[in-house]
Amino acid sequence: MRDSIIAGRAASRELSAIGGHISLWNMVNCVSHSRVTLGTMPTFSREEIVHLGDLARIALTDEEITRLQGELNVIADSINKVQEVASDDVAPTANPVPLEAYLRPDVPATPLTQSEALAGGPKTEAGMFVAPRILGSEE
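The numbering of the sequence shown is my numbering, which starts it at 5 and goes up by one.
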């Protein structure tokens, strides 16, 4: 199988060692983007699914390979449908409804006193919360 180029680097079994843990989905994106031509998402072959599993250091059974191949091809088909609708005259957006951040004014407020802050705690001692010991024992 030919190597795919990912960010200027050949995709290989060593890729996960280079970049630490790389999720299977990120590798799918990288491999599929390296093969995208004319704005269409390709279908994924069985060999490519096995290769993605190897890159992610995931042992895949035959059933999982078949299931993932079907699921990834459905995702690729969905992306193709969205790309058919998308046009250059429509600006990219993350949300179809314009959202504004409504923030409160950044005005300093009077902080709580120590006794007010400790008032909600179940048990306090010497100006601190008392919590049960969970590790070790006092010796």
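Ideal placement from N, C-alpha and C gives every residue a C-beta, glycine not left out. Since this is a predicted model, take the numbers as computed values, not measurements.
{"Item": "Identity of the residue in Ile62, Gly140, Gln87, Thr128 nearest Pro46 by Cα", "Value": "Gln87"}
{"Item": "Three-state secondary structure assigned by DSSP to Gly125", "Value": "coil"}
{"Item": "His37 to Ala80 span [Cα, whole Å]", "Value": "Here the model assigns His37 a pLDDT of 49, short of 50, so the residue's position is not dependable and the matter cannot be decided."}
{"Item": "Rounded distance between the beta-carbons of Ile69 and Ile53, thought under 8 angstroms", "Value": "5 angstroms"}
{"Item": "Sheet register partners of Phe133 (DSSP bridge)", "Value": "Thr128"}
{"Item": "Leu116 classed as buried or exposed, judged by whether at least 16 other C-beta atoms fall within 10 angstroms", "Value": "exposed"}
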